[in-house]
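First up is the structure itself, then whatever we jot down about it.
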Amino acid sequence: MKAEFILKVTIPPLIIFAVLVWLTIANYISGWTMYVLWIIGFIVANVIVTKVSTKWSIQRVREKRAKEEQQKNENNQ
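Below is the structure:
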């Protein structure tokens, strides 16, 4: 895996959860607000990771298809 991909996948959730932990420890959020924000945090982090990994996978598939097409064209000539 590329370092760029790993950073794009790990940094946003890390920031989200660091903020949530800080807010929870500092007692800025508690009770139902805390539960709701943590659930929203998990959902947002999951969406970000899924979006980044999907883009990366689609890009890899396109590059693979282009390479196969290029090899096919070279073999036909």
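Heads up, the sequence shown is in the working numbering, so the first residue is 204 and it goes up one at a time.
Where is the CB? At the ideal position from N, CA and C, for every residue including glycine.
How far does the alpha helix (DSSP H) with Ser260 in it extend, from its first residue to its last?
Position 57 of the sequence shown, counted from the start, is the residue given in the question as residue 260. Residues 234-279.
Name the residue from Lys211, Thr213, Gly244, Leu210 whose alpha carbon lies nearest to the alpha carbon of Val222.
For the purposes of this step, residue 222 is identified with residue 19 of the sequence shown, where counting begins at 1. Of all alpha-carbon atoms in Lys211, Thr213, Gly244, Leu210, the one lying nearest the alpha-carbon of Val222 is that of Gly244.
What's the C-alpha gap between Ser233 and Ala206?
The residue you call residue 233 lines up with position 30 of the sequence shown. The residue you call residue 206 lines up with position 3 of the sequence shown. Looking at the backbone, the Cα of Ser233 and that of Ala206 are separated by about 36 Å.
Would you tell me roughly how many angstroms separate the C-alpha atoms of Glu277 and Arg268, rounded to the nearest one?
Numbered from its first residue, the sequence shown carries residue 277 at position 74. Numbered from its first residue, the sequence shown carries residue 268 at position 65. Between Glu277 and Arg268, the C-alpha separation is close to 14 Å.
What did DSSP end up calling Ala229 once you bin it into helix, strand or coil?
The count along the sequence shown starts at 1 and reaches residue 229 at position 26. If DSSP states are grouped into helix, strand and coil, Ala229 belongs with coil.
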